[in-house]
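I have placed the structure first, in the form of structure tokens, so that the comments after it can refer back to it.
There are 2 protein chains.
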Amino acid sequence: MSARVLVVDDILPNVKLLEAKLTSEYYEVVTATSGQEALEKIENQNMDIVLLDVMMPGMDGFEVCSRIKNNAKTSHIPVVMVTALTDTEDKVRGLEVGADDFLSKPINDTALMARVRSLVRLKMALDEWRLRENAANQFGVVSETGNVMSEPVEAARILVIEDKEFDKDKITKTLSGDLNIVFSVDSGVKGIEMLSSQDFDIIMVSMNLKDEDGLRLCSHLRSNERSRSLPIVLVAEEEDMPRVAQGLEMGAHDYILRPLDKNELMARIRTQIRRKRFQDRLRSTYEISLSMALTDSLTGLYNRRYLEVHLEKLIQQNERSNKAMGVIMMDIDHFKAVNDTHGHGAGDEVLKVFSHRIKDSLRSFDLVARLGGEEFIAILPDVSEKRAHMVAERLRRSIADVPIPCSAEGGALNITTSIGGAIIKDGKHTISEIFDRVDKCLYEAKNAGRNCTVFEGIGKLNPADYQEAERPIFDKDEYEQVLPPDTKQA
Amino acid sequence: MSARVLVVDDILPNVKLLEAKLTSEYYEVVTATSGQEALEKIENQNMDIVLLDVMMPGMDGFEVCSRIKNNAKTSHIPVVMVTALTDTEDKVRGLEVGADDFLSKPINDTALMARVRSLVRLKMALDEWRLRENAANQFGVVSETGNVMSEPVEAARILVIEDKEFDKDKITKTLSGDLNIVFSVDSGVKGIEMLSSQDFDIIMVSMNLKDEDGLRLCSHLRSNERSRSLPIVLVAEEEDMPRVAQGLEMGAHDYILRPLDKNELMARIRTQIRRKRFQDRLRSTYEISLSMALTDSLTGLYNRRYLEVHLEKLIQQNERSNKAMGVIMMDIDHFKAVNDTHGHGAGDEVLKVFSHRIKDSLRSFDLVARLGGEEFIAILPDVSEKRAHMVAERLRRSIADVPIPCSAEGGALNITTSIGGAIIKDGKHTISEIFDRVDKCLYEAKNAGRNCTVFEGIGKLNPADYQEAERPIFDKDEYEQVLPPDTKQA
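One line per chain: the protein sequences are A and B, in this order. Take any residue in the first sequence, count from 1 to its spot, add 22: that is its number in this note's numbering. Take any residue in the second sequence, count from 1 to its spot, add 22: that is its number in this note's numbering.
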């Protein structure tokens with residue numbers, strides 16, 4: 023994958039050397055010789071990765087990296103620190119300010135290219151989601167995203183596949199410090215078994231397992247649906263570097279060399295946890311916007327848009343199956359007066375409680391939606407006429423019998439609802455025809471004095487016919503059970 | 023990138039050979055020895071790519087490929103046909119049934135691996151979008167996606183960067199046949215210039231430009247924002263294969279070798295057009311669901327959810343700027359009677375026309391939303407009190423003065439609207455407090471006989487004060503201009 027690389031170093035020959043290496047691999051190279059220049063170019067041009075010298079006069083590499091990573095506009099860009107220092111402490115300091123990796127001078131070409139390729143690939147996968155996230159932010163679907171560095175690094179679930187007792191213990195102890203839950207197993211087979219039944223955030227894989235090839239294991243983890251998108255961190259010996267490079271090529275996210283340094287281990291794992299959580303959050307934005315498109319924000323019920331799409335399908339199903347479908351339209355009586363007298367806040371509370379009660383009185387596969395304002399509709403697939411009557415009356419009573427708690431004087435309001443219903447069977451029907459039919463019944467219910475149910479072809483139902491001796495604890499999934507066996511039908 | 027590869031061949035040694043090669047590169051390999059077996063495995067396991075022998079007893083490779091590509095569940099999986107045939111006609115036949123490439127036996131390892139890696143990478147980028155698309159389908163946000171093969175292949179915009187006159191003409195003539203618009207230039211510099219001002223669907227890049235390195239050009243196209251995600255098809259000589267492999271590594275999608283065969287060229291370009299359109303469609307689903315989350319499906323106005331998020335922001339802005347903001351609430355008079363008398367269809371038509379008229383009477387940066395039912399709200403940032411009055415009266419008149427066309431008897435209905443308004447300035451305000459204030463005014467307007475405007479602290483406005491001598495053609499972006507200079511204020 024080609025990409026735009028920013029090389030930052032105050033010593034020109036160093037810049038030239040890296041530029042030449044990267045250009046020969048067909049990367050686009052941009053250069054900067056100070057921290058300030060680097061930050062400006064990162065802000066204004068689209069970089070895919072930054073190779074950053076640590077020791078520079080004025081602003082040093084740590085400071086530059088920290089500013090890149092704490093700026094929401096640039097925090098997703100991978101940064102590799104390049105240094106003559108080999109001290110682990112410096113390495114850890116770099117990782118802690120957000121660097122994605124650390125390369126020591128003189129730079130090993132294989133390691134450099136493997137790292138650049140792998141980090142660029144991860145960045146590009148993220149870019150797709152970031153673009154969408156920006157759109158969602160603009161529209162106010164989600165609040166600000168923040169940056170990678172603002173993600174929490176604690177309490178992740180980590181799977182460690184390692185058979186060297188000493189390192190296994192060290193990893194487990196070190197990582198348990200951050201409230202992580204660490205599971206360790208000593209073979210790939212056991213690891214894969216564990217993955218099939220549990221969720222993890224990160225997998226660590228030893229490149230030095232006695233009976234297994236760590237790369238083969240990576241390949242398997244990458245092909246497997248359940249582990250495909252999880253970050254993999256390789257654990258290897260210094261001399262395994264060529265195989266580590268191959269592992270990065272195959273999609274491993276990072277690696278750490280033995281002897282394991284606790285602080286480096288901690289810092290690298292934290293980076294992976296942060297990145298995974300950032301990516302997870304970007305993805306969930308999509309699901310949020312999707313559910314927002316289909317539900318009413320106040321009541322959480324489906325909205326008219328969802329209703330229309332699914333009612334269409336239900337009508338077709340109904341036609342094919344030759345079964346009857348009940349349609350019940352509800353309108354809260356004198357709702358305008360609630361808003362006018364007690365304020366919109368109280369009105370909204372009433373709508374919410376109303377919605378909950380309706381939902382609680384229906385089967386899980388009945389469809390209930392808010393049409394707008396104080397108007398609701400319920401679709402009951404596959405019910406008999408008398409069950410539909412019974413359900414409508416039960417809905418009416420669930421509102422009228424118990425005052426609705428809200429922030430009006432007295433703490434609750436007596437609310438009633440008028441209901442119009444129809445049974446849809448045989449022949450072709452359109453949504454708007456069905457709406458008109460039940461709406462006409464609803465209108466009759468209003469004219470008949472409100473707080474009552476009118477069914478098409480039946481007229482106003484007699485509440486006495488649908489009294490349940492005492493409110494039974496009913497199984498929502500079966501209307502059958504709540505209907506008194508001796509119910510008379512008009 | 024590691025991946026799961028399905029190898030299909032009826033001759034076991036062929037299967038074993040490919041399996042060994044791929045396994046040594048750390049791919050997960052699954053095998054099948056007949057078309058039927060292959061289709062079953064593709065349907066039930068998650069494959070990332072299929073290597074498919076052409077000549078098999080029973081169902082041959084063409085048939086298998088065609089079935090994979092015409093099944094919406096599997097059409098996104100890349101298929102590479104493998105054959106001893108070198109006939110271009112067979113190659114084209116394979117491409118036409120949807121194969122992504124064609125490899126001749128004996129298989130060149132470099133070509134094989136470059137192709138597999140490149141196709142797997144493209145597939146994985148698509149997978150992210152497909153997952154989301156599935157969710158969107160389930161919820162009914164978008165209708166069925168169909169498959170790659172069902173995308174149209176005509177009328178694409180193609181940029182050809184080629185300095186060999188003969189091939190340039192051949193490409194232009196051949197591809198113009200499909201109603202494509204083909205632009206050809208003889209250097210990368212001109213190509214990049216053209217890309218900066220025009221949109222393309224595909225770029226073809228010669229690997230044999232006199233003064234330029236085609237790979238360097240690819241690298242540049244891949245790093246550039248405007249061309250980053252466009253499919254690139256390389257045009258090369260047979261002996262360029264190592265560089266072609268490198269180009270695929272860098273993100274080129276496909277290649278074609280000289281001497282160019284017209285049918286092969288056409289088939290390969292069609293594949294790329296189809297794939298790009300499929301991917302574009304997956305992406306647009308996201309934007310559709312996003313806009314659906316924020317708009318009212320019937321009128322296209324913003325919904326309450328959007329209003330609340332943005333009103334919050336406007337209130338804060340207003341606080342900081344010390345300017346006044348007008349809030350106008352509208353309710354259609356006796357709207358229930360429209361539905362009851364003329365049906366929901368006519369009611370919906372009224373709501374639509376009403377919304378258009380309101381929108382047309384406001385500035386582009388005013389915010390107008392449907393709160394639900396027949397209730398609407400308009401927010402006018404930065405207006406004076408008298409301008410807000412003037413706008414409210416203009417809205418009222420825009421409804422009352424001209425009957426609203428709809429499918430009622432007579433073809434139109436006389437509709438009026440009651441309006442409540444308030445000016446928000448100084449101090450802290452909450453959305454629900456503001457709503458209650460304008461709602462109270464709206465209530466007063468209803469009590470005052472409807473078809474009138476009541477402003478907080480002012481009472482009912484006198485229409486005579488806001489008469490525009492004749493309806494002026496006003497600049498929506500400036501209320502100033504429509505206010506008669508001698509307007510008296512009560």
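Backbone N, C-alpha and C define an ideal beta-carbon position, used for all residues, glycine too. Treat the numbers as computed from the prediction; the structure is a model and nothing was measured.
Residue i - DSSP class collapsed to helix/strand/coil
{"i": "Phe387 of chain A", "result": "coil"}
{"i": "Thr105 of chain B", "result": "strand"}
{"i": "Leu316 of chain B", "result": "helix"}
{"i": "Ile71 of chain A", "result": "strand"}
{"i": "Pro264 of chain B", "result": "helix"}
{"i": "Ser56 of chain A", "result": "coil"}
{"i": "Val76 of chain B", "result": "coil"}
{"i": "Asp189 of chain A", "result": "helix"}
{"i": "Ser140 of chain B", "result": "helix"}
{"i": "Ser126 of chain A", "result": "strand"}
{"i": "Gly199 of chain B", "result": "coil"}
{"i": "Val119 of chain A", "result": "coil"}
{"i": "Asp208 of chain B", "result": "coil"}
{"i": "Val360 of chain A", "result": "helix"}
{"i": "Thr475 of chain B", "result": "strand"}
{"i": "Gly481 of chain B", "result": "strand"}
{"i": "Ala491 of chain B", "result": "Because the pLDDT at Ala491 of chain B is just 47, under 50, the model does not fix this residue reliably, and the point stays unresolved."}
{"i": "Ile354 of chain A", "result": "strand"}
{"i": "Val37 of chain A", "result": "helix"}
{"i": "Glu247 of chain B", "result": "coil"}
{"i": "Ile99 of chain B", "result": "coil"}
{"i": "Gln338 of chain A", "result": "helix"}
Buried/exposed call for residue i, threshold 16 Cβ in 10 Å
{"i": "Pro79 of chain A", "result": "exposed"}
{"i": "Asn202 of chain B", "result": "buried"}
{"i": "Asp109 of chain B", "result": "exposed"}
{"i": "Ser429 of chain B", "result": "exposed"}
{"i": "Gln67 of chain B", "result": "exposed"}
{"i": "Ser140 of chain A", "result": "buried"}
{"i": "Asn344 of chain A", "result": "exposed"}
{"i": "Asp461 of chain B", "result": "buried"}
{"i": "Asn361 of chain A", "result": "buried"}
{"i": "Thr196 of chain B", "result": "buried"}
Paired residues, beta bridge with residue i - DSSP
{"i": "Ile401 of chain A", "result": "A:Val349, A:Leu389"}
{"i": "Arg26 of chain B", "result": "B:Glu50"}
{"i": "Met226 of chain A", "result": "A:Val182, A:Val255"}
{"i": "Ala467 of chain A", "result": "Answer is none; Ala467 of chain A lacks a bridge partner."}
{"i": "Lys113 of chain B", "result": "Paired residues: none, contrary to the question."}
{"i": "Tyr324 of chain A", "result": "A:Thr317, A:Ala391"}
{"i": "Asp235 of chain A", "result": "Its beta-bridge partners do not exist; DSSP assigns none."}
{"i": "Asp3 of chain B", "result": "Given that chain B is displayed from residue 23 to residue 512, the structure contains no residue 3 of chain B and the question cannot be resolved."}
Cα-Cα separation between residue i and residue j, rounded to whole angstroms
{"i": "Arg418 of chain A", "j": "Cys474 of chain A", "result": "7 Å"}
{"i": "Ile180 of chain B", "j": "Tyr308 of chain A", "result": "32 Å"}
{"i": "Gly213 of chain B", "j": "Ser56 of chain A", "result": "34 Å"}
{"i": "Glu261 of chain A", "j": "Thr132 of chain A", "result": "13 Å"}
{"i": "Thr53 of chain B", "j": "Glu65 of chain B", "result": "14 Å"}
{"i": "Val119 of chain B", "j": "Lys91 of chain B", "result": "8 Å"}
{"i": "Leu239 of chain A", "j": "Ser97 of chain B", "result": "29 Å"}
{"i": "His332 of chain B", "j": "Gln339 of chain B", "result": "10 Å"}
{"i": "Leu243 of chain B", "j": "Ala106 of chain B", "result": "35 Å"}
{"i": "Leu312 of chain B", "j": "Asp353 of chain A", "result": "30 Å"}
{"i": "Arg305 of chain B", "j": "Glu150 of chain B", "result": "10 Å"}
{"i": "Lys20 of chain B", "j": "Glu371 of chain A", "result": "Nothing in the structure corresponds to residue 20 of chain B, since chain B is present only between 23 and 512."}
{"i": "Ser420 of chain A", "j": "Glu334 of chain A", "result": "29 Å"}
{"i": "Val29 of chain B", "j": "His378 of chain A", "result": "55 Å"}
{"i": "Asp432 of chain B", "j": "Ala470 of chain B", "result": "The question names Asp, but residue 432 of chain B in the sequence shown is Gly. In a straight line, the C-alpha of Gly432 of chain B is about 29 Å away from that of Ala470 of chain B."}
In chain order, which beta strand (DSSP E) runs of at least 3 residues are fully inside the stretch 392-451 of chain B?
397-402, 439-446
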